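For the sequence shown, this note's numbering assigns the number 18 to the initial residue and increments by one for each residue that follows. Glycine included, every Cβ here is placed at the ideal spot set by N, Cα and C. Fair warning: this is a prediction, and the values are worked out from it, not measured in the lab. Step one of this worksheet: look at the structure below.
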Amino acid sequence: MDDELTRRLFALRDLPHFRRARERDSTATTTVSDFLTGSVDDDAALLVVLEQGAAAAVRSLDGVAHAGITATVDGHPFTVSPTDAVVFALDAQQYDLDDGPCLRALRTHSSLHFSHDEVARLWPPLAALAARAGVDRVHACALTVDGAAAGSVNLYAAGPPLSSAQVEAEDDLVCVLVDHLDTALWSYGRGRDLDAGVRRIGAAMADRRVVGIAVGILMVRDDLDMGEARALLEKAAAAAELPLVDVARRITEDS
């Protein structure tokens, strides 16, 4: 780890939200920060760090069952490092609507909470898909690099609404997570084109993204849960003797 990265990581531990989070739950705070252990020097390392950050959110935040990251290149959002197909599907619905929690957080450089009722009022199609996926609330928080918007962390949770104290605790942990993701993006972007790298990662994940979106379409269209939708997609691919991604692409193109 180089000196500048070390300095930045130590500085994060002096921030008020880091100290509050550590006092409440040192284990969770360690989980959402210690996934970044060194310089991020290539595309593969960046993807690993982003995936580990999303997984850390699911392990550490009460009720959060699915997590991922929206990145943006040339104004076009796409999903990287999802923990599962639900993230692809819910994110894609927001991209189709050109609105939703993740895009609002990204565009306003903010951290936003939405209950299921709020999602239903603002974005009925998203609420329908969220209900099928068992998602009751959404928390999205912007990512930035040197003050410029770079994306958002998207957290999809099940369970009852949080109390005000629980919201404060979650906000502090998410701030810790975002600080370290921002630092990972900064580390990767030193001496290279960040947008070009993120674009390459998006292309590498294209097949997974298509399958995830198709699963979401089947969940809504046929009133299925995620496992049932995935099984239906796999059955259709086997019957057609085609790769799973080809059948998924047909579903997305026909929807």
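{"Item": "Among Arg138, Leu129, Gly151, which one has its Cα closest to the Cα of Ala82?", "Value": "Gly151"}
{"Item": "Rounded to the nearest angstrom, how far is the Cβ of Ser50 from that of Val193, given a contact under 8 Å?", "Value": "5 Å"}
{"Item": "With DSSP as the reference, label Thr54 as helix, strand or coil.", "Value": "coil"}
{"Item": "Which of helix, strand or coil does DSSP assign to Arg30?", "Value": "coil"}
{"Item": "Buried or exposed: where does Glu187 fall if 16 or more other Cβ atoms within 10 Å of its Cβ makes it buried?", "Value": "buried"}
{"Item": "Do Leu235 and Thr162 come within 8 Å of each other at the CB atom, strictly closer than that value?", "Value": "Sequence check: residue 162 is Val here, not Thr. No, they are not a contact pair."}
{"Item": "Got a sec, what are the start and stop residues for the beta strand (DSSP E) Pro94 sits in?", "Value": "93-97"}
{"Item": "Just verifying my parser: in three-state terms, what is the DSSP assignment at Ala175?", "Value": "coil"}
{"Item": "Using the Cα positions of Gln183 and Val191, report the straight-line distance between them to the nearest angstrom.", "Value": "12 Å"}
{"Item": "Mind checking which residues open and close the alpha helix (DSSP H) that includes Ala88?", "Value": "From DSSP, Ala88 is part of no alpha helix (DSSP H) but of the beta strand (DSSP E) over 81-90."}
{"Item": "So, are the CB atoms of Tyr205 and Val90 less than 8 Å apart?", "Value": "no"}
{"Item": "Roughly how many whole angstroms lie between the Cα atoms of Arg30 and Ala246?", "Value": "43 Å"}
{"Item": "Starting from His156, follow the alpha helix (DSSP H) in both directions and report where the run begins and ends.", "Value": "No alpha helix (DSSP H) holds His156; the beta strand (DSSP E) holding it covers 154-162."}
{"Item": "By how many angstroms is the C-alpha of Pro99 removed from the C-alpha of Val215?", "Value": "15 Å"}
{"Item": "How about Ala102 and Ala84: are their beta carbons less than 8 Å apart?", "Value": "no"}
{"Item": "Using 10 angstroms around the beta-carbon of His330, count the other beta-carbons present and answer buried if the total reaches 16, otherwise exposed.", "Value": "Examination of residue 330 is not possible in this model, given that the chain is present from 18 through 272 alone."}
{"Item": "With which residues is His126 paired in a DSSP beta bridge?", "Value": "Per DSSP, none; premise fails for His126."}
{"Item": "Does the pairing of the segment 172-182 with the segment 263-271 give three or more beta-carbon distances under 8 Å?", "Value": "no"}
{"Item": "Could you check whether His156 and Leu172 sit closer than 8 Å to each other, using their CB atoms as the reference points?", "Value": "yes"}
{"Item": "Rounded to whole angstroms, what is the Cα-Cα separation between Asp127 and Arg121?", "Value": "The question names Asp, yet the displayed sequence has Ser at residue 127. If I take the Cα positions, the gap works out to 8 Å."}
{"Item": "In whole angstroms, what is the alpha-carbon distance linking Leu7 and Val237?", "Value": "The question about residue 7 has no answer here: the residues shown for the chain are numbered 18 through 272."}
{"Item": "To the nearest angstrom, how far is it from the Cα of Gly229 to the Cα of Arg124?", "Value": "24 Å"}
{"Item": "Tell me whether Ala109 sits in a helix, a strand or coil according to DSSP, three-state version.", "Value": "helix"}
{"Item": "At the level of alpha carbons, what is the spacing between Thr23 and Ala159?", "Value": "23 Å"}
{"Item": "Mapping the DSSP letters down to three states, classify Ala167 as helix, strand or coil.", "Value": "strand"}
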